[in-house]
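Below you'll find the structure, written out as C-alpha cells, and then a few comments.
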Amino acid sequence: MKIPTLKIGRRLLLAFGIQILFLAAIAGYALNRMQVLERHVTEIAAVNQREFASASEMRNEVSERFLLVEQMATQRLPLHEQDQPSALDVADQRYLNSEAALRDSFSQSGSTSPEELLALNQAAQLHDDVSRMTAVLLQQLRGGDVASARTLQQEQLFPLLRRWRDVLLRLERIQLDQNAEVVDHTSRLVAQAHWTMLVVAAFALLVSASLAWSITSSITRPLNHLLKSIAGQASEMPAAVQPQFD
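Residue numbers (this note's numbering): 1 to 246.
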C-alpha cells in the first residue's frame with residue numbers, strides 16, 4: 001500500500017518567509033513616512049523660527065530708536081560727533097542686518113506669503129521715512145531750534161515710529177500663525193499616516209489569515225487523503241475466519 005506523505009516543510013518556510021518580508025516592507029514604509037514627516041516639519045519650523053527671530057530683532061531696534069529719538073529731543077542724549085557713529089547709527093545698522101537676514105530667508109524658502117512681503121516692504125518704506133525725519137530732527141537740534149524739534153518729534157516722528165513698530169508686530173504675528181499652521185498640518189499628516197498604517201495592518205492581517213488557511217489546507221488535505229486510503233484498504237481486507245468447534 002502506498003501511503004501519502006506530508007510534504008509541508010517547504011510550504012511552511014515559504015509562507016513564513018513571505019509573511020516576514022511583507023511585515024518588513026510595512027515597517028520600512030512606516031519608517032520612511034515618519035522620517036519624511038520629521039524632516040519636513042523640522043525644516044519648516046527652523047525657517048519660521050529664524051524669520052520670527054529676525055522680525056523680533058527688527059522690532060526691538062525700532063523700540064530702541066524710539067527711546068533714542070525721545071532722548072535727543074529732550075537733550076538727554078548728546079548729538080554724535082562727526083568722527084564717531086552715534087547710538088542711533090548703531091541701532092540702525094543692526095536693524096538693516098536683521099532685515100537683510102529676513103529677506104534672505106524669504107528668498108531661500110520660496111514659500112513666502114504675500115502678507116509677509118507686504119509687511120516687509122512697508123517696514124522698509126517706514127524705515128526710509130523715519131531716517132529722513134530723524135535727519136531733519138538732528139538738523140533742528142544742532143541749529144538750536146528745540147521747540148521745532150519737539151513739535152516734529154510729537155506730531156510726525158513718533159507716529160511714524162508707532163506705525164513702523166505695528167508693521168513689525170504684524171510680521172511677527174504672521175510667523176506665529178505660520179507656526180500654528182505647521183502644527184495643524186503636522187497633526188493632519190500624523191493622522192493620515194496613522195490611518196494608512198491601520199489599513200496596511202488590516203491588509204497584513206488578511207494576508208496572514210490567507211497564509212494560515214493555505215498552511216492548514218496543506219496539512220489537512222494530505223491527512224484526509226491518508227485517512228481515506230486507510231479506510232479503503234481496511235474495507236478491502238477479507239473477513240476474519242471464525243474458529244470451528246466440533
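All C-beta atoms in this analysis are idealised placements derived from N, C-alpha and C, irrespective of residue type, glycine included.
As the structure is a prediction and not an experimental result, all values here were calculated from the model.
- Around the beta-carbon of I18, fewer than 16 other beta-carbon atoms lie within 10 Å, marking it exposed.
- Collapsing the DSSP output to three states places G17 in a helix.
- In its chain, beyond the 5 residues on either side, S105, S109 have a beta carbon closer than 7 Å to the beta carbon of V47.
- Where L96 is concerned, the enclosing alpha helix (DSSP H) starts and stops at 87 to 109.
- Taken through DSSP and simplified to helix, strand or coil, G28 comes out as helix.
- Counting of Cβ neighbours within 10 angstroms places F203 among the exposed residues, the total staying below 16.
- For S113, the three-state secondary structure derived from DSSP is coil.
- Q156 and Q125 have their alpha carbons spaced roughly 15 Å apart.
- Out of R94, S54, T151, the CA that lies nearest to the CA of R103 is found in S54.
- DSSP places D145 outside both helix and strand once states are collapsed to three, so it counts as coil.
- Cα atoms of D184 and V136: separation of roughly 48 Å, rounded to the nearest angstrom.
- When rounded, the separation of the alpha-carbon atoms in D128 and A100 is 15 Å.
- An exposed status is given to A147, since fewer than 16 other beta-carbon atoms sit within 10 Å of its beta-carbon.
- Between A91 and E70, the C-beta gap is not smaller than 8 Å, which leaves the two residues out of contact.
- For V190, same chain residues with a beta-carbon under 8 Å away, outside a window of 5 residues either side, are L37 in chain order.
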